[in-house]
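A short write-up of the structure that comes next.
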Amino acid sequence: MSRKDRRQEGDSPLEDLRLARTELTQDEFCVMIGIPRATYQRWIKGQTDAKPTIKQLKALARLLKIERIDDLPDDFGPRDRSHSQEEVE
Numbered sequence: 004m005s006r007k008d009r010r011q012e013g014d015s016p017l018e019d020l021r022l023a024r025t026e027l028t029q030d031e032f033c034v035m036i037g038i039p040r041a042t043y044q045r046w047i048k049g050q051t052d053a054k055p056t057i058k059q060l061k062a063l064a065r066l067l068k069i070e071r072i073d074d075l076p077d078d079f080g081p082r083d084r085s086h087s088q089e090e091v092e
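Okay, structure coming up:
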């Protein structure tokens with residue numbers, strides 16, 4: 004299976020978790036949590052705030068092997084949000 008969408012670690016906490024804890028591509032991951040890939044990419048790039056539904060949060064937790072809600076990152080976008088927000092504006 005091709006891993007063309009493997010990114011460098013450090014870009015996004017959510018992307019880091021996907022890469023570390025699953026063998027899923029972004030496309031596969033998005034299908035399993037029930038969002039379009041474009042939405043996922045906007046989340047991890049910090050172009051839009053993530054507003055997952057409860058069902059999507061449950062799927063994220065299950066896929067990422069997260070047992071407590073507090074173990075999910077507070078923000079899914081890049082760690083340096085100030086820089087990414089400047090690019091969006």
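Under the working numbering, residues 4 to 92 are what the sequence shown spells out, in order.
A virtual CB, placed ideally from N, CA and C, is assigned to each residue, including glycine.
Helix, strand or coil at residue i according to DSSP, with G and I counted as helix
i: Glu95; result: Past the edges of the chain, shown from 4 to 92, lies residue 95, and the structure says nothing about it.
Pairwise C-alpha distance: residue j and residue i
i: Glu31; j: Tyr43; result: 11 Å
i: Arg82; j: Leu75; result: 14 Å
i: Gln29; j: Arg71; result: 23 Å
i: Glu26; j: Leu63; result: 14 Å
With 16 other Cβ atoms within 10 Å as the buried cut-off, status of residue i
i: Ile36; result: buried
i: Ala41; result: exposed
i: Ala23; result: exposed
i: Ile38; result: buried
i: Arg65; result: exposed
Sub-8 Å separation of residue i and residue j beta-carbons
i: Leu67; j: Trp46; result: no
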